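Participant:
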Amino acid sequence: MLVRTISSQSRQEITVPSTNNSQHNRNKVSINPAISLSAFIILTCALIAPGLLSPEPQKAISIIALFVDIIIFFILTIYLTGSKEALLRKKTLIKIILMIFTFFPSLAITAQWDSLIEGISVFVNFLNEYNPLVISTIITLTLGFLLFFAKAAISRIQKWIFGLTNNYFIFTLAGLAILGASSALLIPSYTNWFRSAVPISAQQDTVIEDKEKAQDNPTSPPSLANSKTAEVEQKSTSDLRLHLLYITGGVIATLGLVETNRKNSQDHIRQVHAARRNRYIEAVDKLSNKNAPVRLGGVYALVGLVDEWLDDDIIDKETRLKEGQVIVNNLCSYIRSPFILAEKREIIEAATSPYVYSGNLNKDKARLREEQEVRRTIFTEMSKRGSTFTKNEEGDMIPSLGEWSEFEFDFSHAPIFYPLREVKFTNANFNNAKFYGHTDLSHSQFYGEADIQHVDFCGPTLFDYTYFHNGLNLSFSHFHMKAGITSSVVREKGIFCETHFHKEAFFSDTDFLPEGSANFSFSKFHQRTVFNKTNFHGEAIFSADFMSSTTFEGAYFEVEPNFEYSYFSDKEEHNFETRESSPYHIKTKVENYKGKRIKLPIGADIYTSNVEKNLPSNNSKNSSEP
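Numbering-wise (the working numbering), the sequence shown opens with residue 31 and increments by one.
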């Protein structure tokens, strides 16, 4: 006779899976930054040295390869140190490295200056020779750039210009003035730049004119031609110097206009943001109004403000998300706020006569419906802006991020007394929430882990045709009435550890996809449990208590199911006949108990009610002393 005699020590061998990545983080290898830095310097020098010491460096290609090597090993250093943030915190070290590596490229460029200029000339001649090909290539690349990076590039240029004019405006103007004056003095006097366009033609005209005069007057002195040439050169030099000064003045004037526009824009932005925050305060005040239409208007006002912050391209994305998250937190706070009639939902909705209700039935019904509408509207507006899913040709659900997909939604400890059917949830946290009355989450979609731990479902609960993209965690929750998670899809881990199903529980036609597992460790199924045609594509752990009839008819297992430390009632019949096409089946054994032959999965035992109170628990909150 098999009687349940399991000790707490043996029961604790089955661990509840963690809902975070702490184990993954512990497995990361910590690398000494000094070692990684040394490796970075050695490897970089090893690649740079041959190019610098070669008697015939590859001219411009060698220089380009030098910079590529530096970039590659900078990225390698980031990888070796574990994270970009850890490296960037060492600001002094980065400055020293930049100073060191500035020397090598500058040495290579100056040592091979003539070769570099020659290479550039060859490249320019190549471009001139193949003009159609070059022009077509430039047009194609420019179009590609505009299609993919135009917005980001324009934004970065704007930020760069605003940075110059904002923090270093005076220094920028002074630098431009010095640069323009230096160019006007040095370029015309010490270079031949920009002279070939006008001076050469002028010189040719002068020479022809001098030759004609010499023929007419053979005694004319030869210095006349030289003086004419010098005069033309002096004039071109003066014109060039004047043009350089004009350009410098134009750039300075343009920057002045940019600075003026920036200040005006900033003032306007401050006014807009101040008005937006005033509207936020007014909308929050509306949520505390006694009239439901006013509260509903406050909801729409807050939702509109979030959209305005997200569409504000003038400020950076981090600030937009921060401002939006503040408003989202207020909406979630309203969802979490108590409502006195929530606990009476079933009584109020079921009452047909005011004589059987202790209170003003009509008034309470109206208050309940109004508050349900307000809170349901919040979820509806969040759903419209959350992540959505579409099926591809292979039948896989592909997520499409919405405007609010990067927000966190905290509904913990919230009273839920309204249906949430066909709602798209994003990064939703329902820990310690309480669902009153009939709970309908059918046809809903969850992006981000559906965190529904320590939750009380007081009424019948439906998760039919629901999609969980990043897993479902229902650990430590209680279903006090019939529960159904049927025809649904759990893409990652489905965790039901220490979950209590006090009435019937249905998991029929639900798919647990191979990315995760289905874990029912320490759960209790007090009444009939149905896993008919349920598909377990990953690991399936049934270390639970089945106190009534249980059926796995037509179930599908791609991994051998685990029934260690599971217990089945001796008072009911159980069906372990899985689908014929299933790669694995439930291996069973037959036990004799009180003269009755009972079929059980291998690893399972018979559940006896007389030891129910002595069962150990991993949840200290719900555990009781024997």
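Ideal placement from N, C-alpha and C gives every residue a C-beta, glycine not left out.
Treat the numbers as computed from the prediction; the structure is a model and nothing was measured.
Select from 603, 469, 574, 582 the residue whose C-alpha is nearest the C-alpha of residue 595.
Facilitator: Among 603, 469, 574, 582, the Cα nearest to that of residue 595 belongs to 574.
Participant: May I ask you to report which of helix, strand or coil DSSP gives residue 415?
Facilitator: Residue 415 falls in the coil class under three-state DSSP.
Participant: Let's see if you can read the secondary structure: which residues bound the alpha helix (DSSP H) around residue 330?
Facilitator: Taken as a continuous stretch (DSSP letters only), the alpha helix (DSSP H) holding residue 330 covers 322 to 341.
Participant: Taking the C-alpha atoms as reference points, what is the distance between residue 486 and residue 526?
Facilitator: Whole-angstrom Cα-Cα distance: 14 angstroms.
Participant: So residue 444 packs on residue 458, CB below 8 angstroms; how close in whole Å?
Facilitator: Between residue 458 and residue 444 the Cβ distance is about 11 angstroms, and since that is not below 8 angstroms, they are no contact.
Participant: Determine the DSSP secondary structure at residue 508, reduced to helix, strand or coil.
Facilitator: Residue 508: strand per DSSP, three-state reduction.
Participant: Can you give me the start and stop residues for the beta strand (DSSP E) that residue 630 sits inside?
Facilitator: Per DSSP, residue 630 belongs to the beta strand (DSSP E) from 626 to 631.
Participant: Three-state secondary structure (DSSP) at residue 494?
Facilitator: Residue 494: coil per DSSP, three-state reduction.
Participant: What residues in its chain sit with their C-beta under 7 angstroms from that of residue 365, if we drop five residues either side in the sequence?
Facilitator: So the qualifying residues of the chain are 405, 408, 441, 444.
Participant: Grab the span of the alpha helix (DSSP H) containing residue 475 for me, first residue to last.
Facilitator: Unbroken run through residue 475 is the beta strand (DSSP E), 475 to 477; no alpha helix (DSSP H).
Participant: Please list the terminal residues of the continuous beta strand (DSSP E) segment that includes residue 636.
Facilitator: From DSSP, the beta strand (DSSP E) with residue 636 extends over 635 to 637.
Participant: Rounding to the nearest angstrom, what Cα-Cα distance links residue 533 and residue 370 in this structure?
Facilitator: If you take the alpha carbons of residue 533 and residue 370, they lie about 27 angstroms apart.
Participant: Kindly indicate which three-state DSSP category residue 269 falls into: helix, strand or coil?
Facilitator: Note: residue 269 maps to helix in three-state DSSP.
Participant: Does the region 293 to 313 come close enough to the region 267 to 284 to have 3 or more Cβ pairs within less than 8 angstroms?
Facilitator: No: the two stretches stay apart, fewer than three of their Cβ pairs being nearer than 8 angstroms.
Participant: Near residue 506, which residues of its chain fall below 6 angstroms by C-beta distance, leaving aside the five closest residues on each side in sequence?
Facilitator: The answer, listed in chain order, is 483, 484, 528, 649.
Participant: Excluding five sequence neighbours on each side, which residues of the same chain lie with their C-beta closer than 6 angstroms to the C-beta of residue 541?
Facilitator: Here the set comprises 519, 565.
Participant: Would you grab the beta carbon distance between residue 489 and residue 455 for me? Rounded to a whole angstrom, and I think it's under 8 angstroms.
Facilitator: Their Cβ separation, rounded to whole angstroms, is 20 angstroms, which puts residue 489 and residue 455 out of contact at 8 angstroms.
Participant: Inspect the CB distances between the region 420 to 430 and the region 389 to 401 and report whether three or more fall short of 8 angstroms.
Facilitator: The region 420 to 430, when compared against the region 389 to 401, does not touch it at the 8 angstroms Cβ threshold.
Participant: Check whether the Cβ atoms of residue 354 and residue 340 lie closer than 8 angstroms to each other.
Facilitator: The answer is yes: Cβ separation under 8 angstroms.
Participant: Is DSSP giving residue 502 helix, strand or coil here?
Facilitator: DSSP places residue 502 in strand when its eight states are reduced to three.
Participant: Pull the bridge partners of residue 524 from the DSSP assignment, please.
Facilitator: DSSP, once it has assigned bridges, lists 502, 548 as partnering residue 524.
Participant: What residues in its chain sit with their C-beta under 6 angstroms from that of residue 433, if we drop five residues either side in the sequence?
Facilitator: Cβ within range, chain order: 340, 415.
Participant: Please confirm whether residue 496 and residue 474 have their CB atoms less than 8 angstroms apart.
Facilitator: It is a contact, given that the beta carbons lie within the stated cut-off.
Participant: For the alpha helix (DSSP H) that residue 352 lies in, which residues bound it at each end?
Facilitator: 347 to 366 is the span of the alpha helix (DSSP H), which, as asked, contains residue 352.
Participant: Excluding the 5 residues preceding and the 5 following residue 390 in the sequence, name in chain order all residues of the same chain whose CB lies nearer than 8 angstroms to its CB.
Facilitator: Excluding residues within five positions, the ones whose Cβ falls inside 8 angstroms are 384.
Participant: To the nearest angstrom, how far is the alpha carbon of residue 412 from that of residue 493?
Facilitator: The straight-line gap from Cα to Cα measures roughly 19 angstroms.
Participant: With a threshold of 8 angstroms on Cβ separation, who are the neighbours of residue 410 within its own chain once the five nearest residues in sequence on each side are excluded?
Facilitator: Result list for residue 410: 453, in chain order.
Participant: Using only alpha-carbon positions, find the residue among 590, 334, 562 that is nearest to residue 605.
Facilitator: Per the Cα distances, 562.
Participant: For residue 7, name the three-state secondary structure that DSSP assigns.
Facilitator: With the chain covering 31 to 656 only, the question about residue 7 has no answer from this structure.
Participant: Hey, would you say residue 550 sits closer than 8 angstroms to residue 536, going by beta carbons?
Facilitator: The answer is no: Cβ separation not under 8 angstroms.
Participant: Distance check for residue 630 and residue 431, CA to CA, integer angstroms please.
Facilitator: The straight-line gap from Cα to Cα measures roughly 46 angstroms.
Participant: Keeping to the same chain, check which residues put their C-beta closer than 6 angstroms to that of residue 508; ignore five residues upstream and five downstream.
Facilitator: Excluding positions up to five away in sequence, the list reads 486, 530.
Participant: Classify residue 578 as buried or exposed, calling it buried when 16 or more other Cβ atoms lie within 10 Å of its own Cβ.
Facilitator: Residue 578 should be labelled buried.
Participant: How about residue 608 and residue 580: do their beta carbons lie closer than 8 angstroms?
Facilitator: Not closer than 8 angstroms, so no.
Participant: Does DSSP put residue 588 in a helix, in a strand, or in coil?
Facilitator: The answer is coil: DSSP assigns residue 588 none of H, G, I, E or B.
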